[in-house]
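Residue numbers (this note's numbering): 5 to 490. Note that the Cβ used here is the ideal one computed from N, Cα and C, for glycine as well. Since this is a predicted model, take the numbers as computed values, not measurements.
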RNA sequence: GGUCGGAUGGCCGAGUGGCUAGGCAGAGGUCUGCAAAACCUUUUACAGCGGUUCGAAUCCGCUUCCGACCUCCA
């Protein structure tokens with residue numbers, strides 16, 4: 005590899021050479037889901053993007069500790085620092101315990117992540133499991149003079165913090181503009197400043213999810229959860245903090261302020277943000293009513309979809325766009341990805357059937373260089389995929405006898421393709437029980453070839469057409485017949 | 001209203017101051033008993049108007065349109 009990994013850092017608004025604090029160790033924290041409802045496809049995109057990043061860092065030899073939290077408490081409806089959190093609200097709606105809601109949607113989330121073939125994080129901490137750490141952190145922020153308690157709720161003092169620190173470091177906005185433009189909301193008379201946010205929130209006696217604290221019974225604010233958990237498992241300062249772009253202006257901005265106030269250190273060296281999935285140019289979200297649920301895709305049960313799309317098709321679709329670009333979702337775009345993905349995988353399956361030649365007329369080394377260059381350029385998976393389609397053409401034409409590869413080149417090619425397709429992009433073959441089928445298919449192909457040799461085309465066509473009806477397509481070429489599931 | 005980011009061919013999407021990704025769709029061809037697959041060739045582009053430059057879709061300015069954030073959101 006002759007290029008270095010470059011990572012776009014939201015903090016500096018430019019690509020930087022990636023230099024871990026303690027190589028080969030890398031600490032990466034990604035804000036996980038709030039498990040009060042099903043994850044929609046937009047949520048999934050973020051986790052698929054960070055899965056790509058995690059996989060590539062590991063592929064480069066880094067020992068990554070990937071922490072992704074489960075937010076299972078404290079996430080309020082709206083901006084009011086009072087009332088029920090989302091779990092309590094949903095629990096009432098579904099007539100369940102709040103922790104039943106948490107369990108239900110956590111399991112659902114993990115199942116969806118499994119279907120998308122994302123690797124599990126090394127640690128998946130939950131907010132309710134780290135109440136002590138959060139209380140401790142709030143105490144330290146109060147001790148540093150940057151938070152105050154009013155009537156059982158603790159607020160972070162943004163204006164005081166801003167005297168010594170840059171509160172808007174992540175989004176580069178002017179504090180005065182923020183102050184001038186932040187909406188005045190009712191019910192928050194306890195706050196000193198309108199930008200102040202809650203670290204700990206007082207709970208009413210009937211509130212189901214509440215814990216004792218130095219400030220009475222309550223529950224943690226959303227932002228403090230991530231600060232406390234990242235500190236516990238990755239330390240005061242770690243390498244990468246990631247999440248959706250929508251979290252940057254508020255959640256991550258507040259996280260930085262909290263961690264600075266508590267630890268007197270920047271929490272993360274590189275802040276990485278993934279862009280939004282859009283539908284007709286508008287961000288996919290539950291409130292907009294344009295949220296697709298993963299299972300709606302996998303079953304095709306949605307008015308905008310003409311049919312079902314597999315998890316791998318959807319993953320491939322996501323990886324065909326760069327993680328920092330918005331990606332527009334449509335039936336037509338998915339259809340294109342589905343065909344492209346199948347073409348790629350068909351060629352991958354041909355890899356170990358390629359004939360070895362005495363010499364090569366293709367430079368595999370150069371292809372490899374371009375693949376790594378693409379990924380090193382801030383994880384540019386669409387360019388990597390474009391390079392892989394050049395490999396597809398190569399593989400097909402070697403199979404057709406129009407190009408040739410010697411033993412060494414073939415080995416290199418196999419290694420490269422397997423590494424990029426399976427390890428880095430995290431794609432997987434969708435053919436189930438292929439092993440069982442393979443023998444049967446060999447038999448059928450042989451019978452068909454025998455019929456063809458006898459010019460018994462009625463029989464050969466019957467085999468081909470019947471298999472077609474069963475969803476298996478035969479592909480004839482000079483070197484023989486292969487098959488694929490349609 | 002404030003801040004920021006976009007506008008690429010029928011669709012989705014990369015990229016770059018000159019060599020003009022890729023996938024899908026369309027057209028033609030090769031191969032083939034037929035079909036499919038595969039391969040080859042090929043048509044549609046860089047929102048508009050100015051400016052900088054030998055040269056801009058790429059840099060700068062303005063205009064129009066769109067989006068995100070500023071309020072929970074991946």
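Item: Return the chain-ordered list of same chain residues with a C-beta closer than 7 Å to the C-beta of residue 311, the five sequence neighbours on each side being excluded.; Value: 304
Item: Return the CA-CA distance between residue 322 and residue 107, expressed in angstroms with no decimal places.; Value: 28 Å
Item: Would you list, in sequence order, the uninterrupted alpha helix (DSSP H) runs of no fewer than 4 residues that lie entirely inside the segment 178–238?; Value: 179–185 and 226–238
Item: For the pair the segment 131–146 and the segment 52–72, tell me if three or more CB-CB distances fall below 8 Å.; Value: no
Item: According to DSSP, is residue 26 helix, strand or coil?; Value: strand
Item: Skipping 5 residues on each side, what residues in its chain have a beta carbon closer than 7 Å to that of residue 28?; Value: 65, 66 and 67
Item: For residue 361 and residue 410, which I take to be in contact (beta-carbon distance under 8 Å), what is that distance rounded to the nearest angstrom?; Value: 6 Å
Item: Given this structure, state the Cα-to-Cα distance separating residue 347 from residue 399, to the nearest angstrom.; Value: 11 Å
Item: Within 10 Å of its beta-carbon, does residue 19 have 16 or more other beta-carbons around it, so buried, or fewer, so exposed?; Value: exposed
Item: Could you check how far apart the C-beta atoms of residue 483 and residue 405 are, in whole angstroms? I think they sit under 8 Å.; Value: 7 Å
Item: For residue 63, which three-state DSSP category applies?; Value: helix
Item: From the DSSP output, which residues share a beta bridge with residue 455?; Value: DSSP output for residue 455 lists no bridge partner at all.
Item: Check whether the segment 140–160 and the segment 259–268 are in contact - that is, three or more C-beta pairs closer than 8 Å.; Value: yes
Item: In terms of residue numbering, what span does the beta strand (DSSP E) encompassing residue 493 cover?; Value: There is simply no residue 493 to check, as the chain begins at 5 and stops at 490 in what is shown.
Item: Just to confirm the assignment, what range does the alpha helix (DSSP H) spanning residue 360 have?; Value: From DSSP, residue 360 is part of no alpha helix (DSSP H); its letter is neither H nor E.
Item: When you compare the CB positions of residue 24 and residue 72, do they come within less than 8 Å of one another, or not?; Value: no
Item: To the nearest angstrom, how far is the alpha carbon of residue 201 from that of residue 38?; Value: 19 Å
Item: Taking 7 Å as the limit between beta carbons, can you name the residues of its chain near residue 352, skipping five residues before and five after?; Value: 421 and 425
Item: Does residue 118 pass the burial test, meaning 16 or more other C-beta atoms within 10 Å, or should it be called exposed?; Value: exposed
Item: Would residue 233 pass as a contact of residue 89 if the rule is Cβ separation under 8 Å?; Value: no
Item: Ignoring anything shorter than 3 residues, give me the beta strand (DSSP E) runs that lie fully in the segment 64–152, in order along the chain.; Value: 67–72
Item: Grab me the residues of residue 127's own chain with a C-beta within less than 6 Å of its C-beta, minus the 5 sequence neighbours each way, in chain order.; Value: 71 and 237
Item: If you draw a straight line from the C-alpha of residue 391 to the C-alpha of residue 94, how long is it?; Value: 46 Å
Item: If we require 4 or more residues per run, which alpha helix (DSSP H) segments fall completely within the segment 284–336?; Value: 298–303 and 315–323
Item: Should the segment 32–46 be regarded as contacting the segment 272–282, the criterion being three or more beta carbon pairs within less than 8 Å?; Value: yes
Item: Check each candidate in 113, 111 and 334 and name the one with the smallest Cα separation from residue 288.; Value: 334
Item: By Cβ distance, which residues of its chain are closer than 7 Å to residue 3, with the 5 residues on each side in sequence left out?; Value: For residue 3 there is no data in the structure shown, the boundaries of the chain being 5 and 490.
Item: What is the DSSP secondary structure of residue 273, counted as helix, strand or coil?; Value: strand
Item: Looking at the secondary structure, which residues open and close the beta strand (DSSP E) in which residue 13 lies?; Value: 10–13
Item: Using the rule of at least 16 other Cβ atoms within 10 Å of the residue's Cβ for burial, across every protein chain shown, is residue 443 buried or exposed?; Value: exposed
Item: Which residue marks the beginning of the alpha helix (DSSP H) containing residue 410, and which one marks its end?; Value: Segment: none, residue 410 is in no alpha helix (DSSP H) and carries neither H nor E.
Item: Could you compute how far the alpha carbon of residue 100 sits from the alpha carbon of residue 330?; Value: 37 Å
Item: Terminal residues of the continuous beta strand (DSSP E) containing residue 21?; Value: 18–21
Item: Start and end of the beta strand (DSSP E) containing residue 371?; Value: Run containing residue 371: none in the beta strand (DSSP E); it sits in the alpha helix (DSSP H), 368–380.
Item: According to DSSP, is residue 242 helix, strand or coil?; Value: strand
Item: Can you give me the C-alpha to C-alpha distance between residue 395 and residue 111, rounded to a whole angstrom?; Value: 38 Å
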